[in-house]
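In this note's numbering, the protein residues as written are 4 to 282.
Just so you know, even glycine gets a beta-carbon here, dropped at the ideal spot from N, CA and C.
The structure displayed is predicted, hence computed values, not measured ones.
The next block holds one structure in the form of structure tokens; read it before the comments.
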Ligand code: NAP
């Protein structure tokens, strides 16, 4: 299986389907990442906050590093200059690698200057520890602020994105400013799979509902990182390239937006933390 790439502002190539790893640990994450890499994935998404970098590092040591695209993220509580540097070095050590292909700010943190954080990201880049930098869960306004003060292009904004949360304002702004949109929770943590239109299209195209949803995302020039612990799902989630949705069917999915998040939600109970800062 060959997965196409998107070109980042640096010229580096980012596979447009990767494997997500949130909430997977121990042998489950090892098995999930190994299954994905053996099936032809080369792009792995993790974060210091996922607590699984060491397990992923165990698996990556069995593969050639230069064929992989590896992303990690710094927690919002670690966005001051020294903490960004330290967090990145810890992630590299846990992952058993000398560099990350992409390093993301996991969440914005209004209590820490974005200029300070972007300066630390530039230092990591100058030292060769990260090849591309980006953000996650940033609004269009927050991204514009980061772009304004960053020495380096902001290659990616990883945001919740699926047919029930299409966010045209952020997506358009990213695409106009050459920042790739990467869909976190591209399957809406399975909620979207029971949607009536998704089910109908799955039947018509003889595809899994997940494939319909992922194909729709990549047709919108959005990179996807579905997470799965099932080898059958992992394989089908990357079988997206020898077929396409008819324009009218793509349009039907455009029309089911409910502006409904599964994780990036104001309704979340933030009392125990503020953007990753434990209180
Ligand atoms: P997701 O990928 O939208 O959904 C994962 C769920 O879908 C799992 O329960 C999985 O179960 C199921 N699934 C996967 N493939 C399937 C298929 N083909 N058919 C049926 N069910 C399928 O949710 P997510 O893990 O939240 O998001 C994906 C990745 O995005 C994360 O792992 C993480 O790397 C990243 N992410 C980032 C942020 C951020 O703040 N930056 C937030 C959320 C997610 P099975 O194990 O049974 O397949």
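Here DSSP, grouped into helix, strand and coil, assigns residue 106 to strand. Membership of residue 205 in the alpha helix (DSSP H) is indicated by the continuous run 199-208.
Under the criterion of beta carbons closer than 8 Å, residue 162 and residue 123 do not qualify as touching, at roughly 22 Å. Looking at the DSSP output, residue 73 sits in a beta bridge with 47.
Within the stretch 106-166, the runs of alpha helix (DSSP H) that reach at least 4 residues and sit entirely inside it are, in chain order, 117-129, 143-152. Per the C-alpha coordinates, the member of 158, 111, 147 positioned closest to residue 125 is 158. For residue 22, DSSP records a beta bridge to 47.
Linking residue 105 to residue 130 through their CA atoms gives a straight-line distance of about 14 Å. A contact is defined here as three or more CB-CB pairs under 8 Å, and the stretch 220-239 meets this definition with respect to the stretch 25-32. For residue 144, the number of other beta carbons within 10 angstroms of its own is below 16, and it is reported as exposed. With 16 or more neighbouring CB atoms inside 10 Å of its own CB, residue 167 falls in the buried class. For residue 10, the three-state secondary structure derived from DSSP is strand.
A residue is called buried once 16 or more other Cβ atoms fall within 10 Å of its Cβ, and residue 114, having fewer, is exposed. When the beta-carbon positions are compared, residue 62 and residue 36 come within less than 8 Å of each other. Classified as exposed, residue 251 has fewer than 16 neighbouring CB atoms from the shown chains inside 10 Å of its CB.
If you draw a straight line from the Cα of residue 220 to the Cα of residue 264, it comes to about 16 Å.
For residue 65, the secondary structure class from DSSP, reduced to helix, strand or coil, is coil.
Residue 120 places its beta carbon less than 8 Å from that of residue 82. By a beta-carbon distance limit of 8 Å, residue 102 contacts residue 132. Their separation comes to about 6 Å. Residue pairing by DSSP places residue 183 opposite 159 in a beta bridge.
Between the ligand NAP and residue 228, a heavy atom-to-CB distance of less than 7 Å is present. Rounded to the nearest angstrom, the gap between the Cα atoms of residue 254 and residue 84 is 44 Å. Beta bridge pairing from DSSP links residue 17 with 9. DSSP, read as helix, strand or coil, puts residue 168 in strand.
Bounds of the beta strand (DSSP E) holding residue 226 are 225-227.
Per the coordinates, the alpha-carbon of residue 86 lies some 46 Å from the alpha-carbon of residue 200. Exclusion of the five residues before and after residue 32 leaves 24, 55, 58, 59 as the residues of its chain whose Cβ lies within less than 7 Å of its Cβ.
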